[in-house]
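Take a look at the structure set out below.
Protein chains: 2
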Amino acid sequence: MVSSSSDPLATRHSTVSRENVREEDALKVLSAYLADDMRACNQAIIDRMQSSVPLIPQLGAHLVAAGGKRLRPLLTLASARLCGYQPSAEQQRHVGLAACVEFIHTATLLHDDVVDESTLRRGMASANALFGNKSSVLVGDFLFARSFQLMTADGSLKVMAILSEASATIAEGEVLQMSTQNDLSTPIERYLEVIHGKTAALFAAACRVGAVVAEQSEKEELALEAYGTNLGMAFQLVDDALDYAADQQVLGKTIGDDLREGKITLPVLAAYDAGTEEERVFWKRVIEDNEQTDADLPRALDIIARTDAIKTTLKRAERYAHKAAEALEVFPDSELKALLVKTVLYTVNRVN
Amino acid sequence: MVSSSSDPLATRHSTVSRENVREEDALKVLSAYLADDMRACNQAIIDRMQSSVPLIPQLGAHLVAAGGKRLRPLLTLASARLCGYQPSAEQQRHVGLAACVEFIHTATLLHDDVVDESTLRRGMASANALFGNKSSVLVGDFLFARSFQLMTADGSLKVMAILSEASATIAEGEVLQMSTQNDLSTPIERYLEVIHGKTAALFAAACRVGAVVAEQSEKEELALEAYGTNLGMAFQLVDDALDYAADQQVLGKTIGDDLREGKITLPVLAAYDAGTEEERVFWKRVIEDNEQTDADLPRALDIIARTDAIKTTLKRAERYAHKAAEALEVFPDSELKALLVKTVLYTVNRVN
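Chains A and B supply the protein sequences, listed in that same order. Using our numbering, the first residue of the first sequence is number 1, and each one after it goes up by one. Using our numbering, the first residue of the second sequence is number 353, and each one after it goes up by one.
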């Protein structure tokens, strides 16, 4: 069931689905469908954030308060349930692993905030702005270590292999992103490799471990991994579009962050590719030479609009979205499966 | 066999041992004794540092070139051998875990360099000075993830529990250290908790996993853990003394780093405790208010000398050193055991 919404981000039309469905509600509906699991997961997150060192739960509370969509743990919980996982009274493996996935994600966010010198995260002051870079690096390390303790407590070598490999891939993606910074000659393939590493790899692992705890065959594992990978790619492409399209007041995201940092994303690559000679000179000054004035963001937005660069980006996101939905075909139809498909639609329809 | 040495750091007299032994050679002798294991470990470190992202092995090569004593992996290798571990042709568990321990250590060093804005590490430019803070945070994350992949490859849940707990404790120790910074009212107990977390916990884990791979009883595990803990405490106390006593040219360590950062270490706490009213005003300005001039380091060194604060610090280090040596009493006498005792002596006699 999809409830109506007064969400100011309400999608005016879906670019993937032909139905007039309010995709923006999909995550809320999925969360509500898995409400008990989500509550248990939030509790696990709070419990395992505890430490005898006061600053750790303090900073943790800030992150928990900031909330976020908890998309990644939701994927673990939903994947496990889609595979028919029935937790025992003693052990809720999917909950522990969902918390673990969120810890890995939060650790990378904390480190990413330090690296990118962001000042806003989910509309609130970022942790590093409030607590300092030091705290962000060290508390990130703590959460990373805690995530491995949660895996160890789960006790499955297979799960550990999946999540530790994802952790390494995330770090590689972030390093690769750094080395493409300010470089307009970055091929699209390298950009795609970056977003696979920094985003899709954890989405994929979050989904796959759900199949593992449900003791499904490799077919289901790989199907959920494919769902996660493609969803993650679509999600990051849309995120990169939003950085040139979102309303800061509404999204709580600083528009133009990527431009300021000289980050190479598809909207920029597409606009550069389709731009005039004069526009290329502009991009080179702003992105490569990092010489920026206040007038540059409006100009960038103009060029991006004229060259349809957002549309190019979203089209690619839709291709991944379709693949994500297709990957679920191996599973029998169910309410949960339909919600996971709607989650894909939500992801690509955050912007239009 | 202990060879003679022309090492400029040659200890003039031992404060622990009554013998006229060249303790400074202990690590070299231990390394030589385990030469095959150390070679295999160095190779594992280089192999597992590989990545399709070029910057990672580049920065890795810088760290490998910087060398360092490889004390922590040496402890894992020596502990395993002390417990009679015989690797098979297919699996050298002690080697993989020694590399794992070094990765955890290197990751914390990289993050510590970012945090502390150090410019020198082992006498070479620190990684963050050369490659930037960004790289240090992200490559540290990569190494941390790799360490968990190495644990997963080893496949022992017990080992994972020991090393993942140590990783969390290290992060807690670093956060606690940060919250004691600039605070002269820090009790000695808290300072000891900090150095236990940031240093002794990994020494302890490095030793204990050696007993685990050799499938020894808990008695040997706990004995090696106690050896590691006490050796680590002694090691860090001496390190903190060296920051006010070392010759920068010789050690490749920036003397006075801790003072500049307002770091609370035992030399400062002891000097503050034993100081005159006027000296306390000095410490408050320099450490708490962080108002420093070029004349402050010489003045700090004078006060530390007058109040015997280095001696106080080293005495405490010696107590831990004795405990470390005692912990090995459960093992039958052997050349390796004697070398591990000498390693303790080396640790406390780096300064005199």
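Glycine included, C-beta positions come from ideal geometry on N, C-alpha and C. For clarity, every value in this text was computed on a predicted model and none was experimentally measured.
Ends of the alpha helix (DSSP H) at residue i?
{"i": "residue 315 of chain A", "result": "309-327"}
{"i": "residue 140 of chain A", "result": "133-154"}
{"i": "residue 190 of chain A", "result": "188-195"}
{"i": "residue 527 of chain B", "result": "509-532"}
{"i": "residue 582 of chain B", "result": "570-594"}
{"i": "residue 551 of chain B", "result": "Run containing residue 551 of chain B: none; DSSP gives neither H nor E here."}
{"i": "residue 295 of chain A", "result": "Here residue 295 of chain A belongs to no alpha helix (DSSP H), and DSSP marks it neither H nor E."}
{"i": "residue 342 of chain A", "result": "335-348"}
{"i": "residue 381 of chain B", "result": "378-385"}
{"i": "residue 282 of chain A", "result": "277-283"}
{"i": "residue 641 of chain B", "result": "From DSSP, residue 641 of chain B is part of no alpha helix (DSSP H); its letter is neither H nor E."}
{"i": "residue 432 of chain B", "result": "423-434"}
{"i": "residue 619 of chain B", "result": "618-626"}
{"i": "residue 261 of chain A", "result": "257-261"}
Let me confirm a value: residue i is counted as buried when at least 16 other C-beta atoms fall within 10 Å, else exposed. Which label applies?
{"i": "residue 174 of chain A", "result": "buried"}
{"i": "residue 628 of chain B", "result": "exposed"}
{"i": "residue 335 of chain A", "result": "exposed"}
{"i": "residue 565 of chain B", "result": "buried"}
{"i": "residue 473 of chain B", "result": "In this prediction, residue 473 of chain B scores a pLDDT of 41, lower than 50, which makes its location untrustworthy; no coordinate-derived value is stated."}
{"i": "residue 22 of chain A", "result": "Only weak support exists for where residue 22 of chain A lies, its pLDDT of 48 falling under 50; the value from the coordinates is given anyway. The residue is buried, with at least 16 neighbouring Cβ atoms inside 10 Å."}
{"i": "residue 465 of chain B", "result": "buried"}
{"i": "residue 107 of chain A", "result": "buried"}
{"i": "residue 73 of chain A", "result": "buried"}
{"i": "residue 383 of chain B", "result": "buried"}
{"i": "residue 441 of chain B", "result": "exposed"}
{"i": "residue 1 of chain A", "result": "With a pLDDT of 34 at residue 1 of chain A, under the threshold of 50, the modelled position of that residue is not reliable, and no figure is offered here."}
{"i": "residue 377 of chain B", "result": "buried"}
{"i": "residue 316 of chain B", "result": "Since the first residue of chain B shown is 353 and the last is 704, residue 316 of chain B is not available in this structure."}
{"i": "residue 706 of chain B", "result": "It is not possible to answer for residue 706 of chain B, since the shown part of chain B is limited to 353 through 704."}
{"i": "residue 655 of chain B", "result": "buried"}
{"i": "residue 318 of chain A", "result": "buried"}
Using 8 Å for Cβ pairs, my map puts residue i next to residue j. What's the rounded Cβ distance?
{"i": "residue 666 of chain B", "j": "residue 152 of chain A", "result": "Their Cβ separation, rounded to whole angstroms, is 38 Å, which puts residue 666 of chain B and residue 152 of chain A out of contact at 8 Å."}
{"i": "residue 312 of chain A", "j": "residue 266 of chain A", "result": "7 Å"}
{"i": "residue 80 of chain A", "j": "residue 62 of chain A", "result": "Not really, about 29 Å apart at Cβ, beyond 8 Å."}
{"i": "residue 296 of chain A", "j": "residue 286 of chain A", "result": "5 Å"}
{"i": "residue 96 of chain A", "j": "residue 36 of chain A", "result": "The pair is not a contact, with the Cβ atoms about 15 Å apart (cut-off 8 Å)."}
{"i": "residue 200 of chain A", "j": "residue 177 of chain A", "result": "That pair is no contact at about 13 Å."}
{"i": "residue 375 of chain A", "j": "residue 245 of chain A", "result": "Given that chain A is displayed from residue 1 to residue 352, the structure contains no residue 375 of chain A and the question cannot be resolved."}
{"i": "residue 501 of chain B", "j": "residue 221 of chain A", "result": "That pair is no contact at about 19 Å."}
{"i": "residue 569 of chain B", "j": "residue 55 of chain A", "result": "The Cβ separation is near 39 Å, so there is no contact."}
What number of angstroms, rounded off, separates the C-alpha of residue i from the C-alpha of residue j?
{"i": "residue 86 of chain A", "j": "residue 210 of chain A", "result": "11 Å"}
{"i": "residue 109 of chain A", "j": "residue 701 of chain B", "result": "43 Å"}
{"i": "residue 147 of chain A", "j": "residue 299 of chain A", "result": "43 Å"}
{"i": "residue 38 of chain A", "j": "residue 92 of chain A", "result": "12 Å"}
{"i": "residue 223 of chain A", "j": "residue 379 of chain B", "result": "52 Å"}
{"i": "residue 457 of chain B", "j": "residue 344 of chain A", "result": "40 Å"}
{"i": "residue 124 of chain A", "j": "residue 291 of chain A", "result": "Bear in mind that the predicted position of residue 124 of chain A carries a pLDDT of just 45, short of 50, making it too unreliable to give a figure here."}
{"i": "residue 135 of chain A", "j": "residue 418 of chain B", "result": "27 Å"}
{"i": "residue 410 of chain B", "j": "residue 208 of chain A", "result": "32 Å"}
{"i": "residue 162 of chain A", "j": "residue 198 of chain A", "result": "15 Å"}
{"i": "residue 76 of chain A", "j": "residue 64 of chain A", "result": "18 Å"}
{"i": "residue 68 of chain A", "j": "residue 512 of chain B", "result": "30 Å"}
{"i": "residue 699 of chain B", "j": "residue 571 of chain B", "result": "25 Å"}
{"i": "residue 269 of chain A", "j": "residue 260 of chain A", "result": "15 Å"}
{"i": "residue 646 of chain B", "j": "residue 608 of chain B", "result": "11 Å"}
{"i": "residue 436 of chain B", "j": "residue 194 of chain A", "result": "46 Å"}
{"i": "residue 20 of chain A", "j": "residue 341 of chain A", "result": "Residue placement at residue 20 of chain A cannot be trusted, given a pLDDT of 37 that sits under 50; what the coordinates show is reported in the next sentence. So the alpha carbons of these two residues sit roughly 15 Å apart."}
{"i": "residue 430 of chain B", "j": "residue 615 of chain B", "result": "33 Å"}
{"i": "residue 333 of chain A", "j": "residue 567 of chain B", "result": "49 Å"}
{"i": "residue 542 of chain B", "j": "residue 289 of chain A", "result": "48 Å"}
{"i": "residue 392 of chain B", "j": "residue 682 of chain B", "result": "29 Å"}
{"i": "residue 137 of chain A", "j": "residue 485 of chain B", "result": "11 Å"}
{"i": "residue 60 of chain A", "j": "residue 381 of chain B", "result": "46 Å"}
Inset, instruction - Count the C-beta pairs between the segment 573-582 of chain B and the segment 671-682 of chain B that are closer than 8 Å, then say yes if the count reaches three, no if not. - result: yes
Inset, instruction - Spell out a yes or no on whether the segment 547-559 of chain B and the segment 485-498 of chain B are touching, meaning 3 or more CB-CB pairs, one atom from each, closer than 8 Å. - result: no
Legend entry - Inter-stretch contact (C-beta, 8 Å, three-pair minimum) for the segment 88-101 of chain A and the segment 39-57 of chain A: yes
Legend entry - Touching by the beta-carbon criterion (3+ pairs, under 8 Å), the segment 170-190 of chain A and the segment 51-68 of chain A: no
Inset, instruction - Inspect the CB distances between the segment 589-599 of chain B and the segment 507-522 of chain B and report whether three or more fall short of 8 Å. - result: The segment 589-599 of chain B is not in contact with the segment 507-522 of chain B.
Inset, instruction - Spell out a yes or no on whether the segment 633-641 of chain B and the segment 688-697 of chain B are touching, meaning 3 or more CB-CB pairs, one atom from each, closer than 8 Å. - result: no
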